[in-house]
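Student: So the sequence shown is numbered by the numbering used here: it starts at 441 and just counts up by one.
Yeah, the Cβ is synthetic: ideal placement off N, Cα and C, and Gly gets one too.
First the structure, which I've put down as structure tokens, then a few questions once you've had a look.
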Amino acid sequence: MEKILFFLNPGAGSGIPPELRSAIGELSDREGMDCPVHELSTDDSPEQIGQLLDDLNPSIAVAAGGDGTVNLVAHSLMNREIKLGIIPLGSANGLAYQLKIPADPMEALHLVTTGNSRKIDMLRVNDRHLCLHMSDLGMNARVIRRYDDADAKGFYGYARQYFRELGMRSKFRYTIRTDDRIRSSKAVMVVLANGSYYGTGASISPEGELDDGWFEVVAIRSYPFWFLLYMFLSLFTRKIGQRSFSRIIRCRKVDITVIPPQELQVDGEPLGPHSQISCKIIPENIQIITGIQDS
């Protein structure tokens, strides 16, 4: 009997849809699968989740929540032959978007049992944090921090914090050190991109692939006010075509220094101000169920 362990985050987005809970129960009754459920809390750590995985030994572990929930479960799957399924429920679901996992929870649940799996890379940030998708310093991380602290959630809550940032455009000086050279300039945001899209669908690194053994450092330079509005339109158009305000550096490891310290976020989780960041690629480290068709 196949065992699928579900990790549900009731604090993600608008919570766990009742129909999703019912559908998980039906998998056990109708399909004859063993589908234990663990509701995540703020007390859960990767070590505790890892112990649960050892005790139950599922073939698939499903993270139902936002990018932060996915990151938490994925952290525990390192060096385990367990596939990761994703049911996107958070305000930011960038990894799910790139992997063509449906935004509808019921469709995403169906994909868990029918989709293809592929191994993807991960990033290790400051030798402590794991990143499956996107991390950044500066503008976007500040938006996420304020959104995390605010009462208003969902699209309108995020839009409110984004427009607060429009009038700031706080520049900082960065130094990026890779194996071959050192680059210094000013920016409003520096991105560590394992993938190519944010959860809004905005393309930040058009050449980014999740399984190519590389990641991209994207420095967003200061730009005119209209370009921020243009970026916001990507929430609807799902693309950004303008590249003249960015510098993209492809690498396998990097050290970044910023002055003054800037807010850092990793897969949607704010981690406070940082002045130094190191990052390196961990190739093909985790197996994820996706909606991408085999070519």
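By the three-class DSSP mapping on this structure, what secondary structure does Y637 have?
Tutor: strand
Student: Going by DSSP, what residue range makes up the alpha helix (DSSP H) through S516?
Tutor: D507 to L517
Student: My assumption, with CB atoms under 8 angstroms, is that G534 sits in contact with Y637. Please give the rounded CB distance.
Tutor: Yes, they are in contact, since the Cβ atoms of G534 and Y637 sit about 6 angstroms apart, within 8 angstroms.
Student: Only counting runs of 4 or more residues, tell me where the alpha helix (DSSP H) segments fall wholly within the stretch 453 to 517, in order along the chain.
Tutor: 458 to 471, 486 to 496 and 507 to 517
Student: Can you tell me whether DSSP reads R613 as helix, strand or coil?
Tutor: strand
Student: Could you check where the beta strand (DSSP E) with G712 kicks off and where it finishes?
Tutor: E709 to T730
Student: CA-CA distance, F446 and C475?
Tutor: 7 angstroms
Student: If you check the beta carbons only, do L529 and P542 fall under 8 angstroms apart?
Tutor: The beta carbons of L529 and P542 sit no closer together than 8 angstroms.
Student: Where are the alpha helix (DSSP H) runs, 4 residues long or more, that stay fully inside the stretch 552 to 603, in chain order?
Tutor: 579 to 589
Student: Quick test of your reading: A613 and V698, contact by CB under 8 angstroms. State the CB separation rounded to the nearest angstrom.
Tutor: Inspection of the sequence shows that residue 613 is occupied by Arg rather than by Ala. Confirmed, Cβ separation roughly 7 angstroms.
Student: Between E459, I500 and A581, which has its C-alpha nearest A710's C-alpha?
Tutor: Going by the sequence as given, residue 710 is Pro instead of Ala. Nearest option by C-alpha distance: A581.
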